[in-house]
Structure formats: C-alpha cells, structure tokens
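Written out below as structure tokens is the structure these notes cover.
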Amino acid sequence: MHKDKFIRTRISMKKDIYLRQVGMTLLLTFAIVYKAGAQEQSRSLTLDLDKAIEIALSENPTIKVADIEITRKDYSRKGAIGNLFPTITASGDYSRTLKKQVMYMDMDIPGMDNGMKVGQDNSYSMGFNFQLPIVAPTFWKNIQLSKADIEQTLESARASRLSLVDQVKKAYYNVMMSEDSYQVLKESYDNACLNAKDFRNKYEHGVASEYDVLRAEVQVRTLEPGLLQAENGVKLSKVNLKVLLGLDMNIEVTPANKLSDYEADMYEQALNIDTSLQNNTNLKQLDLQADYLKKALVVQKMSWYPTLTATGLYNWTSMSNGPIFKDFRWNPYSMIGLTLSIPIFQGGSRYYKVKDAQLTVNQMKFRRQDLVRNLQMQSISYIDNIQKSIKQIASNKEGVRQAEKAYSIMQKKFEIGAATFIEVNDANVALTNARLSYYQAIHDYLAAKSDLEQVTGNVDLSKYMKDQQN
C-alpha cells in the first residue's frame, strides 16, 4: 500500500514538473513571438509626403554639409573682424659670433694699426611686439565682403533644401506610381489566371477548345515577367526614397497616400499657380554673387588707400663673452610709434586687378538676363505639362470607367459562352492600359508641379522645419 502511494506521489511530481516545463516553454515562445512582432512593427514606417520631406531635411547628409558650410563661413567672418584687433607676438633670438668685426680709426693711435675688434661672443634678445591697425580700409571692406559671402552660403543652403524637397517629392511620387502600377498588373495577372482556370474547366466539359486553353495559359506566362519587373520597381523606388531620407535600408517604407488621392485638389491647385520668379534660388544666388563682386571691386580700390598702424615693442637684450649660459646682463628697452604706408607704384598690378573686377561685375548683368529667359521658358514648359496632364487625367479617368464596363460585359458574355479568349484578353489588356495611363497622367501632373515649384522657389520650407527650429 505504501508502495502504491509512493508511486502515485512520484507520478504526480513528474506531472507537475512536466506542466511547469510546458508552461515555461509556451511563455518563452510567446515572449519571442511578441518581441519579433514588436521589432517588425518598429522596422516599418508609414509616411505621408510632408513627413517624408521633414525627415529628409533633418537627416539627409547634403543638408548637414550645407549647414556646416554656413558655420564655416561665419568663422571666416569672425576671422576678418579679428584683423581689426591688436596683434601681440612674443619672440626670442640668440646669435653666436664666430669672428668679430674689426673697426679702424681714421687717426694715428699707437697700437691700433691692425684695427680693433668689436662685439661680444653671445647676443640674446627676447620680448613682445605690438601692432594695431588704426586706418585700414581693406580690413573694413573685407568684413562687409565676408558678410556677403555668408549671405551667398545661406542662399546656397536654401537651394540645397529646395532641391532635396523636389527630389523627395518625385521619389515619393515614384513609389506611389510603382505600387499602383504593380496593383494594376497584379489584378490583370489574377484576371488572366482566373480566365485560364475557367477555360480549363470549360475545356474539360467540352465547351471550350484546347486552343483557347493554351492561349489563356500562355497569356498567364506572358504577364509574369512584367509583374516581377513591377515588383522590383517598387523595391528600387523605395530604396531611392530611403536614401534621400537618410533611413536604414532595413526599414520598410510605405506611402500613406495613393496617386488617386491627389486628384481631388488638383484643379484648385492648377488655378492658383504662382509663376513669379522672385523667389527663384538661382536668381537670388546670382544677385548675391553680383553684390559680392561689387564689394570685392571696392576692396580692390581700397588697395590704393594709405594705411596707418600703431606699433610698439618691449624687449630685453643681453651680451656676453665666453660660455653661452653665463654672465647674463639683461637690459630692457621699449618703444612705441606709428607706421604710415602709402602705396605709390606696383607696376600697374592694382590698376589691372580693378579693371578685371569691373568686367566681372559687368558680366553678371548679361548672365542674369540669360538666366531669366531660361527660367521663363522652363516655367512655361512646366505649366503646359500641368495643363496637358490635367486634360489627360480627365480623359483617362473616363477611359478607365469605360474599360471596366467593357470588361464586365465581356466577362458575362464569356460565362454564357458568347465570347472567345481573344475578346476577353483584349478587354483585360484595355482595362490594364487604361488604369496605367490614368496613374501615369497623375504622376506626370505631380512631377510637373514639383518642377514648377522648384523653378519658382515657392516652397514653404518653414513648415517642414518646425521641429528642428523648436
């Protein structure tokens, strides 16, 4: 009896241990699955266009380089201001006389026929030198020149941001276009597979011919390469977007919008297009460059002006004979003064530098005229593309509606045996082409609108940089 009780106790203990092991295994498995799911969720990112641009302006290396360049130019400006402050230097000098100079006296002195050696073996000098520009026209104008240089750098940074915004927009549009195209081709492929299956069933029941079955199955094989290519296009477009956003390649990016979402606001936006070039970054950079060259011309002219500098020094000197480090006799001396420098003649170099700078300034006027004409031509071209795309969108949308209706009719005819494979396939191809044309027209409109905004410079960068400013 005791033996049976002992056996039952052992079995109960083993059962409890087994249940605890199973429980721990299930708990560990759940934790691993939950962690993997959380990691997977954290590695995916759904973005709208504004958020994508905001991330790009914050993380893209090109923008960081542009911001560093602004800081570098500011340091150059501070360096130019530093030229107006006093310059203090410390110096030290030692010289050893190898052969002393001989001095002769122009008089008859006994014992001086061979002259008299002068000087000592060791000479020491150390002290401080001081300079302060009092009248320095070139330094004054260089400060203004450095400020103009910073303004150019700021506009160049703005140009980098505008260019990046344009690139991100087009990359985002390309992702939407590739995804919508893939969905269209996938639906066409699914329709072809369904048709092939229906033809196979009808053939087995003696309703369809073997030729129709073969044609339907061949059509499925024909669509597969295009579908794979479209899938690869989605991946490549997302990689391009992630590069612009400065994101890790392992993060899955998904657009929060589709191309058809932009159709609703398209007509209102087209009516309110601003074609003014006053914010064009190329024009602004050219104007700032012209202003910089004018200031540089003034700097060249300042080289004709005299300069006045205050100078001073405080030195200690010592001389001795014999060993180097012996018998020091330090004697301090100091002085202050003014140095006036008046440029008189330098072989005409200043004159020709001024002429060269003047011609460079004159060139900017003609460059601006040429740039304005080219920008106006681009603006007109982009507006034409926008208007053409709007018309195509309206036409293609109606084409999609008609193609969907035609395909639906053909499917019903096929179900009752009144349509051949060629007719069904033609309807499917027409529907696919109509949808692709519709999405392509929207994509072309968005790309042309982005190009126009890039040319006009009418992009509100501040709304994408609020978080950075805060």
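Take my numbering: the last position of the sequence shown gets the number 819, and nothing is skipped along the way.
Virtual Cβ for every residue (Gly too), placed ideally from N, Cα, C.
Relative to the C-alpha of P692, which residue among L708, R717, S652 is closest?
The candidate whose alpha carbon is nearest that of P692 is S652.
Given this structure, state the Cα-to-Cα distance separating S472 from R445, to the nearest angstrom.
About 7 Å.
8 Å contact criterion, which T658 and L481 should meet: CB distance rounded:
In this structure T658 touches L481 by the C-beta definition: roughly 7 Å separates them, less than 8 Å.
Using a 10 Å radius around the Cβ and a threshold of 16 neighbouring Cβ atoms, would you call Y663 buried or exposed?
Y663 is exposed by the Cβ-count criterion.
Ordered along the chain, which non-local residues of its own chain (more than five positions away) have a Cβ less than 7 Å from that of N599?
Excluding residues within five positions, the ones whose Cβ falls inside 7 Å are R392.
Cutoff 8 Å: N670 Cβ touching any chain B Cβ:
Any reference to chain B falls outside this structure, which holds one protein chain only.
Could you give the first and the last residue of the continuous beta strand (DSSP E) run that contains R445?
Looking at the DSSP string, the run of the beta strand (DSSP E) that includes R445 is 436 to 445.
Who are the Cβ neighbours of R359 in its own chain at under 8 Å, not counting the five residues just before and after it?
With a pLDDT of only 47 at R359, under the threshold of 50, the placement of this residue in the model should not be trusted; the figure read from the coordinates follows. For R359, where only same-chain residues beyond five positions count, there are no Cβ hits under 8 Å.
Taking the alpha helix (DSSP H) that G582 belongs to, which residues open and close that run?
Looking at the DSSP string, the run of the alpha helix (DSSP H) that includes G582 is 559 to 594.
Where V567 and E408 are concerned, what is the direct C-alpha to C-alpha distance, given to the nearest angstrom?
Roughly 48 Å separates the two Cα atoms.
Give a yes or no on whether the C-beta atoms belonging to N523 and A429 are separated by under 8 Å.
In this structure, A429 does not lie closer than 8 Å to N523 by Cβ.
Cα separation between N777 and E802?
Cα atoms of N777 and E802: separation of roughly 38 Å, rounded to the nearest angstrom.
Return the chain-ordered list of same chain residues with a C-beta closer than 7 Å to the C-beta of T709, the five sequence neighbours on each side being excluded.
These residues qualify, in order along the chain: L642.
Touching by the beta-carbon criterion (3+ pairs, under 8 Å), the region 624 to 636 and the region 540 to 547:
Counting Cβ pairs under 8 Å, fewer than three are found: no touch.
Given that a residue counts as buried once 16 or more other Cβ atoms are within 10 Å of its Cβ, and exposed if not, what is F770?
Buried, because 16 or more other Cβ atoms sit within 10 Å of the Cβ of F770.
Minimum C-alpha distance to K714 - residue among L637, E772, I735, N745:
Nearest neighbour of K714 by Cα position, chosen from L637, E772, I735, N745, turns out to be L637.
Near L494, which residues of its chain fall below 8 Å by C-beta distance, leaving aside the five closest residues on each side in sequence?
Here L494 has A429, Y641, K644, A645, V648 as same chain residues with Cβ atoms under 8 Å from its own Cβ, once five neighbours each way along the sequence are excluded.
Nearest-angstrom Cα separation, counted from S474 out to K466:
Between K466 and S474, the C-alpha separation is close to 22 Å.
Express the C-alpha separation of G582 and Q789 in angstroms, rounding to a whole number.
Take the alpha-carbon of Q789 and the one of G582: they are about 15 Å apart.
DSSP state of V710, grouped into three classes?
The three-state secondary structure of V710, taken from DSSP, is helix.
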